[in-house]
Amino acid sequence: MTEGEDEKMTHRWQKDADGILIFTGLFSAALAALLTVSVQDLKSNPQDTTVFYLANIYQLLADPNTSRASILATQVQPPAFSPPKSAVLDNSLWFLSLVISLTSALLATMLQQWAR
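What follows is the structure, encoded as structure tokens:
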């Protein structure tokens, strides 16, 4: 009688682990799709740099009283990029969710192996 109960319990564990694996797989796929979009907020936009330099070129060309020496002296770097704190927080939470999801998938796989 005890062996039959043990078999039922291990069978339930394997079925539960199957459900966890399916859920974590779908959840991880959705998280990966969201991460590919939201991680762009952590990088500087190259168009902003282009606009900065084009605005400087326009200012230099629009003023006919500037000399070449003053043009070289006015070389300015674009402002340093700093991602918004909300983007850093959002992406940190997305990555944390992905790590937890993959860890639970690993544990469910280990449970299945152990139950066999």
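When the letters of the sequence shown are read in order and numbered with this note's numbering, they come out as residues 147 to 262.
Even glycine gets a Cβ: it sits at the ideal position worked out from N, Cα and C.
How many Å lie between ALA178 and ILE203 at the Cα? Whole-angstrom Cα-Cα distance: 41 Å.
Quick one: which unbroken alpha helix (DSSP H) runs of 4-plus residues sit fully inside the region 175-218? Chain order, please. For the region 175-218, whole alpha helix (DSSP H) runs of length 4 or above, ordered along the chain, are 192-208.
DSSP three-state assignment for SER247, whether helix, strand or coil: In the structure shown, SER247 sits in a helix (DSSP, three-state: H, G or I).
Please classify SER247 as buried or exposed, where buried requires at least 16 neighbouring CB atoms within 10 angstroms. It counts as buried.
Measuring CB atoms only, is the region 223-240 touching the region 191-201, in the sense that at least three cross pairs come out at less than 8 Å? Verdict: yes, contact present.
Cβ shell of ALA251 (< 8 Å), same chain only, five flanking positions each side left out: Cβ within range, chain order: ILE166, LEU167, THR170, GLY171, SER174.
Check SER228 in the structure and name its three-state DSSP category. SER228: coil per DSSP, three-state reduction.
Quick one, are the C-beta atoms of TRP159 and GLN258 less than 9 Å apart? Cβ distance < 9 Å, so TRP159 and GLN258 count as in contact.
Using the three-state DSSP reduction, which class does ARG262 fall into: helix, strand or coil? Of the three classes helix, strand and coil, the one that applies to ARG262 here is coil, per DSSP.
Using CA coordinates, which residue listed in VAL183, LEU244, VAL234, GLN223 is at the minimum distance from VAL197? Sorting VAL183, LEU244, VAL234, GLN223 by C-alpha distance to the C-alpha of VAL197 places GLN223 at the top.
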